[in-house]
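Asks: Have a look at this one.
Numbering (the working numbering), first residue to last: 465 to 560.
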């Protein structure tokens, strides 16, 4: 459920409002009673991508795939060996 916060309260208590968003709440910002913005936590995939960038694991400038959302999960059934999954991925990459 969303909580509505007037813009003046957001200005005066920004840290408190952001803490609520970090806790998973959706915060609707209003001006004169009219909805003007919505604050939500980032999508988990976006947050994971940001962590990878911060850790230096990926270089967004060099990424041609369009971020984490476009990365494919290796095909296979549960119990598939990692080497088999990697071989399939490499085969897929060489087919492009």
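Note that beta-carbon positions come from the ideal geometry of N, C-alpha and C, so glycine has one too.
Comparing alpha-carbon positions, which option in 513, 517, 490 lies nearest residue 466?
Replies: Taking the first residue of the chain shown as 1, we reach residue 466 at position 2. Per the Cα distances, 490.
Asks: So, under 8 Å CB-CB, residue 468 and residue 494 are touching, yes? Tell me the CB distance rounded to an integer number of Å.
Replies: Counting from one through the chain shown, the residue named residue 468 turns up at place 4. Counting from one through the chain shown, the residue named residue 494 turns up at place 30. Their Cβ separation, rounded to whole angstroms, is 6 Å, which keeps residue 468 and residue 494 in contact under 8 Å.
Asks: If you run the structure through DSSP and keep just helix, strand and coil, what is residue 525?
Replies: Start at 1 with the first residue of the chain shown, and residue 525 comes out as number 61. Note: residue 525 maps to coil in three-state DSSP.
Asks: Per DSSP, which residues does residue 503 bridge with? Please list them.
Replies: In the chain shown, the residue the question calls residue 503 occupies position 39. 491.
Asks: Quick one: using the 10 Å Cβ neighbour count with 16 as the cut-off for buried, is residue 481 buried or exposed?
Replies: Here residue 481 is taken as the residue at index 17 of the chain shown, counted from 1. Label assigned to residue 481: buried.
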